[in-house]
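All remarks here apply to the structure that follows.
Protein chains: 2
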Amino acid sequence: MQSLIEAQKKLLPDLLDVMQKRYRILQYIRLMQPIGRRVLSNSLGISERVLRSEVQFLKEQNLLIMSSAGMSVTSEGNELLHILEDVMREVLGLKDLEKKLKHTLHIEDVIVVAGDSDLSPWVKKEMGRACVACMKERLTDKNIVAVTGGTTLAAVAEMMTPDSKQSDVLFVPARGGLGEDVKNQANTICAKMAEKTMGNYRLLHVPDHLSNEAYQSLIEEPTVKEVLQLIKSSSMVIHGIGDAITMAERRKTPEEDMEKIKARYAVAEAFGYYFNQEGEVVHKVKTVGIQLEDLEHVQHVIAVAGGASKAKAIKAYMKQAPHSILITDEGAARALIRE
Amino acid sequence: MQSLIEAQKKLLPDLLDVMQKRYRILQYIRLMQPIGRRVLSNSLGISERVLRSEVQFLKEQNLLIMSSAGMSVTSEGNELLHILEDVMREVLGLKDLEKKLKHTLHIEDVIVVAGDSDLSPWVKKEMGRACVACMKERLTDKNIVAVTGGTTLAAVAEMMTPDSKQSDVLFVPARGGLGEDVKNQANTICAKMAEKTMGNYRLLHVPDHLSNEAYQSLIEEPTVKEVLQLIKSSSMVIHGIGDAITMAERRKTPEEDMEKIKARYAVAEAFGYYFNQEGEVVHKVKTVGIQLEDLEHVQHVIAVAGGASKAKAIKAYMKQAPHSILITDEGAARALIRE
DNA sequence: TATACATGGACCTAAAATGTCCCGCTATGA
DNA sequence: TCATAGCGGGACATTTTAGGTCCATGTATA
Numbered sequence: 001m002q003s004l005i006e007a008q009k010k011l012l013p014d015l016l017d018v019m020q021k022r023y024r025i026l027q028y029i030r031l032m033q034p035i036g037r038r039v040l041s042n043s044l045g046i047s048e049r050v051l052r053s054e055v056q057f058l059k060e061q062n063l064l065i066m067s068s069a070g071m072s073v074t075s076e077g078n079e080l081l082h083i084l085e086d087v088m089r090e091v092l093g094l095k096d097l098e099k100k101l102k103h104t105l106h107i108e109d110v111i112v113v114a115g116d117s118d119l120s121p122w123v124k125k126e127m128g129r130a131c132v133a134c135m136k137e138r139l140t141d142k143n144i145v146a147v148t149g150g151t152t153l154a155a156v157a158e159m160m161t162p163d164s165k166q167s168d169v170l171f172v173p174a175r176g177g178l179g180e181d182v183k184n185q186a187n188t189i190c191a192k193m194a195e196k197t198m199g200n201y202r203l204l205h206v207p208d209h210l211s212n213e214a215y216q217s218l219i220e221e222p223t224v225k226e227v228l229q230l231i232k233s234s235s236m237v238i239h240g241i242g243d244a245i246t247m248a249e250r251r252k253t254p255e256e257d258m259e260k261i262k263a264r265y266a267v268a269e270a271f272g273y274y275f276n277q278e279g280e281v282v283h284k285v286k287t288v289g290i291q292l293e294d295l296e297h298v299q300h301v302i303a304v305a306g307g308a309s310k311a312k313a314i315k316a317y318m319k320q321a322p323h324s325i326l327i328t329d330e331g332a333a334r335a336l337i338r339e
Numbered sequence: 001m002q003s004l005i006e007a008q009k010k011l012l013p014d015l016l017d018v019m020q021k022r023y024r025i026l027q028y029i030r031l032m033q034p035i036g037r038r039v040l041s042n043s044l045g046i047s048e049r050v051l052r053s054e055v056q057f058l059k060e061q062n063l064l065i066m067s068s069a070g071m072s073v074t075s076e077g078n079e080l081l082h083i084l085e086d087v088m089r090e091v092l093g094l095k096d097l098e099k100k101l102k103h104t105l106h107i108e109d110v111i112v113v114a115g116d117s118d119l120s121p122w123v124k125k126e127m128g129r130a131c132v133a134c135m136k137e138r139l140t141d142k143n144i145v146a147v148t149g150g151t152t153l154a155a156v157a158e159m160m161t162p163d164s165k166q167s168d169v170l171f172v173p174a175r176g177g178l179g180e181d182v183k184n185q186a187n188t189i190c191a192k193m194a195e196k197t198m199g200n201y202r203l204l205h206v207p208d209h210l211s212n213e214a215y216q217s218l219i220e221e222p223t224v225k226e227v228l229q230l231i232k233s234s235s236m237v238i239h240g241i242g243d244a245i246t247m248a249e250r251r252k253t254p255e256e257d258m259e260k261i262k263a264r265y266a267v268a269e270a271f272g273y274y275f276n277q278e279g280e281v282v283h284k285v286k287t288v289g290i291q292l293e294d295l296e297h298v299q300h301v302i303a304v305a306g307g308a309s310k311a312k313a314i315k316a317y318m319k320q321a322p323h324s325i326l327i328t329d330e331g332a333a334r335a336l337i338r339e
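First to last, the sequence lines map onto chains A and B. Mapping of the first sequence onto the UniProt record's numbering: position 179 corresponds to residue 179, and the numbering continues sequentially without gaps. Mapping of the second sequence onto the UniProt record's numbering: position 275 corresponds to residue 275, and the numbering continues sequentially without gaps.
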């Protein structure tokens, strides 16, 4: 199979381009369906006319259907996308990127999806899809999955689908309030994931800034305590990685912490922890839930982050998480390798 | 892999056609290099202009070079052809034919090459190439290879190349004179093979029609006797299969034998043996060398024959040679399966 | 040295791809 | 209920490409 594609690259590179184009179109339609020509052509950067021809073709192949609401992928089209997924990764050179990333970042497993989420927001969804596939591969019988917040994780949640095998999954937020926007909060995402997978969830209601005493009494509450217990025993953690300054600014970080973060050259953020270039923790938001050292005992840790702008953060964070699975995009991957 | 190709076909219905076209062009060039556009386009049945475009493309891909003498395949092109060989067999459905042939002929191993040697003479060369590859796979340390005559075997000889591993091969003619044309005689072919592989050879000089007494004294000759000894101990036999009547006519078969061959409904010929539809010997040319019953003790027996017109003969011969390896072409294979 | 065969340039035509503009339909939300 | 944004699709001019045809020029070889 490898050799077939290699050979095809030599013998018909022109056709592979066409294949790639059609694949992208179909893939994007799946992501955004139902969608119309105009929006689609804009998003893909293809002139509307050529898109129209391609779409016409794909329709004749029964890969998509058109309705007054827009175009959607048929089940046949879905199947095709699935079969070709691996091939296209090869064709697009993503496999190659993965190999290089494993080497430069010294990590064991990485998945790179096409595109750059800085440039095209839908790439986040593709990372989401990849993450979901990755999760499904690894989820066994009964599982507790802890998730963090962030726009990337929101994309993951959006792409979640019920697992055909069994849906005995319990979602919990990994850590208490970190000061995010509501729709990007761990709690929200946690609930959404459970809803999409028809699984269960528990939430952790911990106000952002609390006095120490209030804290202590809160975590003694039975309901809170139970959730904390679940979190500690989770078998999978899914989290995003952010740029330190951006994250600090987005959250209502107190002035003094902000100073600290900047003074210590934090570049990456994850779980409410801030890391410098070397992957060392320079600051942490005080809240309950999973702590960095707990990760070691979690079976599967999946980090999801993409976009060239996050390359530095990813690099820093990954320095201290060699056993995490990284799901990223082409933009970040290329930036990482360039360095 | 099949599903991959199916999927590609959905997205790019003419992918395989183009791939096949380019492959054929490259393959043919390798066969005939150096070769010019006119001859090439004629042989392949492609208009000269489209051939020109394709060739231009292949040149840009560094798969072939053009010189004033004509076009030749580069080493990169050769490599590609090699990689693609297996893939194309699959794509062209040859693997499928092989499977069916194994079943209908009850034989263990068969290789089918594309084309029909009745229609395009160069297909014989492809069979030759396949036969050579097959031989190389099976030849071990020191070997004695016995070969027969015929145009097909001549093609095999032509495609022979020195073996990189070792060339400690001794070629001998399988049987004495059978009345063939000089350039298709076993002796000639035997010598040619040795020359091409940089191996050694021994010849067997036995006049065609000899009195019994002369025969007896001849085979007592030390030089003849030695060669006969070698023949009997050969580890590989390569032979063609012919249509009985055609072969009988080509050789200066005496009137009475001719009658016999026809009266007994001979359809196949190999080694100077004539077989009827059931694979029973109905006549044999009297000469020295390997006898049919000796084949059982030979490690590798390879039969090479192609062209739809030979289907009947192949079928008949194979009935009594289930352990032979058959190398044939698409034309013969399809005819065989049709029956 | 003539000949045959090689490539490569030039130009024309047919056909396919693409750009442009517009129309009628329908789902949606005020 | 109705306005409207967004949908697919028709029509046609224009550009680009593929392919047909012919010929010039160079170079081995008999």
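No residue lacks a Cβ here, since even glycine has one placed at the ideal position from N, Cα and C.
Note down, in chain order, each residue of its chain lying with its Cβ closer than 6 Å to the Cβ of K95/B, except the 5 sequence neighbours on either side. Reading the second sequence from its first residue, position 95 is the one you call residue 95/B. Cβ neighbours of K95/B beyond the five flanking positions: R89.
Residue range of the beta strand (DSSP E) that includes H239/B: Residue 239/B sits at position 239 when you count from the first residue of the second sequence. 236-240 is the span of the beta strand (DSSP E), which, as asked, contains H239/B.
When we look at the beta-carbon of H106/B and count the other beta-carbons within 10 Å, is it buried (16 or more) or exposed? Against the second sequence, residue 106/B aligns to sequence position 106. Per the 10 Å Cβ criterion, exposed.
Quick one: Cα of L4/A to Cα of V113/B, how far? On the first sequence, position 4 is the one that residue 4/A refers to. On the second sequence, position 113 is the one that residue 113/B refers to. Going from the Cα of L4/A to the Cα of V113/B covers about 19 Å.
Quick one: which residues of the region 72-95 of chain B get their C-beta closer than 7 Å to a C-beta of chain A? List them in chain order. L80, I83, L84, V87
To the nearest angstrom, how far is it from the Cα of residue 345/B to the Cα of I65/B? Absent from the structure is residue 345/B, since the part of chain B shown begins at 1 and ends at 339.
Mark S68/A as exposed unless 16 or more other C-beta atoms lie within 10 angstroms of its C-beta, in which case mark it buried. Locating residue 68/A in the first sequence gives position 68, where the first residue counts as 1. So S68/A ends up on the exposed side.
Whole angstroms are fine: how far does the CA of A311/B sit from the CA of C319/B? Here residue 319/B refers to the residue found at position 319 when the second sequence is read from its first residue. Here residue 311/B refers to the residue found at position 311 when the second sequence is read from its first residue. The sequence shown places Lys at residue 319/B, rather than the Cys named in the question. So the alpha carbons of these two residues sit roughly 13 Å apart.
Could you list the residues in the region 18-36 of chain A with a C-beta less than 9 Å from some C-beta on chain B, going in chain order? V18, M19, R22, Y23, L26
Which residues bound the alpha helix (DSSP H) around A7/A? Locating residue 7/A in the first sequence gives position 7, counting from the first residue. Per DSSP, A7/A belongs to the alpha helix (DSSP H) from 2-11.
Terminal residues of the beta strand (DSSP E) in which E269/A lies: Along the first sequence, read from residue 1 onward, the residue named residue 269/A stands at position 269. Here the beta strand (DSSP E) through E269/A covers 266-270.
Using the beta-carbon of each residue, which ones in chain A are nearer than 9 Å to L4/B? For the purposes of this step, residue 4/B is taken as residue 4 along the second sequence, with counting starting at 1. Here the neighbours are M1, L4, I5, I83, L84, D86, V87.
What residues from chain B crowd round L11/A, counting only those whose CB sits closer than 9 Å? Position 11 of the first sequence, counted from the start, is the residue given in the question as residue 11/A. Correct list: V18, M19, R22, Y23, L26, L58, Q61, L63, L80, L84.
Give me the DSSP bridge partner(s) of Y274/B. For the purposes of this step, residue 274/B is identified with residue 274 of the second sequence, where counting begins at 1. DSSP, once it has assigned bridges, lists E269/B, H283/B as partnering Y274/B.
L40/B versus V123/B - alpha carbon distance: Position 40 of the second sequence, counting from 1, holds the residue named residue 40/B. Position 123 of the second sequence, counting from 1, holds the residue named residue 123/B. Spanning the two alpha carbons is a distance of roughly 14 Å.
Return yes when the Cβ of L204/B is within less than 8 Å of the Cβ of G289/B, no when it is not. Translated into the one-based positions of the second sequence, residue 289/B becomes position 289. Translated into the one-based positions of the second sequence, residue 204/B becomes position 204. Taking 8 Å as the Cβ cut-off, G289/B and L204/B qualify as a contacting pair.
Given A130/B as reference, the closest of H283/B, L31/B, K262/B once Cα atoms are compared: As a first step, residue 130/B must be located in the second sequence, where it is residue number 130. Answer by Cα proximity: L31/B.
Three-state class that DSSP yields for N62/B in the structure shown: In the second sequence, the residue the question calls residue 62/B occupies position 62. Here N62/B sits in coil by DSSP.
Counting C-beta neighbours from all protein chains within 10 Å, is the total for K99/B 16 or more, i.e. buried, or is it exposed? On the second sequence, position 99 is the one that residue 99/B refers to. K99/B comes out exposed.
Taking the alpha carbon of D257/A as the point to measure from, which residue in M160/A, C134/A, G240/A, V285/A has its own alpha carbon closest? On the first sequence, residue 257/A is found 257 positions in, with the first residue counted as 1. Per the Cα distances, V285/A.
Residues of chain A with a CB under 9 Å from the CB of residue 340/B: which are they? Since the first residue of chain B shown is 1 and the last is 339, residue 340/B is not available in this structure.
Exposure of Q27/A, with buried meaning 16 or more beta-carbon neighbours within 10 Å: Along the first sequence, read from residue 1 onward, the residue named residue 27/A stands at position 27. The residue is buried, with at least 16 neighbouring Cβ atoms inside 10 Å.
Minimum Cβ-Cβ distance from L15/A to chain B less than 8 Å: Residue mapping note: residue 15/A aligns to position 15 of the first sequence, counting from 1. Chain B, which has a Cβ nearer than 8 Å to the Cβ of L15/A, makes this yes.
Is the region 243-252 of chain A touching the region 260-275 of chain A, taking contact as three or more C-beta pairs under 8 Å? yes
Checking contacts by CB at 8 Å: is Q299/B closer than that to chain A? The residue given as residue 299/B occupies position 299 in the second sequence. It does not: the Cβ of Q299/B has no partner Cβ on chain A nearer than 8 Å.
Counting Cβ pairs, one atom from each stretch, are 3 or more of them under 8 Å apart for the region 299-306 of chain A and the region 315-329 of chain A? yes
Taking a contact to mean a Cβ-Cβ separation below 8 Å, would you say R22/B touches L92/A in this structure? For the purposes of this step, residue 22/B is taken as residue 22 along the second sequence, with counting starting at 1. For the purposes of this step, residue 92/A is taken as residue 92 along the first sequence, with counting starting at 1. Contact flag unset, no.
Specify the secondary structure class of S47/A as computed by DSSP and reduced to three states. Taking the first residue of the first sequence as 1, we reach residue 47/A at position 47. Coil at S47/A, not helix or strand.
So is Q320/B in contact with chain A if we call contact Cβ pairs under 8 Å? What you label residue 320/B is simply residue 320 of the second sequence in a count that begins at 1. Closer than 8 Å: no.
C-alpha distance - V169/B paired with A155/B, whole-angstrom precision: Along the second sequence, one-based indexing puts residue 169/B at 169. Along the second sequence, one-based indexing puts residue 155/B at 155. The alpha-carbon atoms of V169/B and A155/B are separated by roughly 19 Å.
Give the straight-line distance between the Cα atoms of Y273/A and N62/A, rounded to the nearest whole angstrom. Counted from its first residue, the first sequence places residue 273/A at position 273. Counted from its first residue, the first sequence places residue 62/A at position 62. Taking the straight line joining both Cα atoms gives about 49 Å.
Do I35/B and G77/B come within 8 Å of each other at the CB atom, strictly closer than that value? In the second sequence, counting from the first residue as 1, residue 77/B sits at position 77. In the second sequence, counting from the first residue as 1, residue 35/B sits at position 35. No, the pair does not count as a contact, with Cβ atoms beyond the cut-off.
Using the C-alpha atoms, what's the distance from V298/B back to N184/B? Here residue 184/B is taken as the residue at index 184 of the second sequence, counted from 1. Here residue 298/B is taken as the residue at index 298 of the second sequence, counted from 1. Distance between the alpha carbons of N184/B and V298/B: 23 Å.
Any chance the region 186-196 of chain A sits against the region 147-154 of chain A, with 3 or more Cβ pairs inside 8 Å? yes
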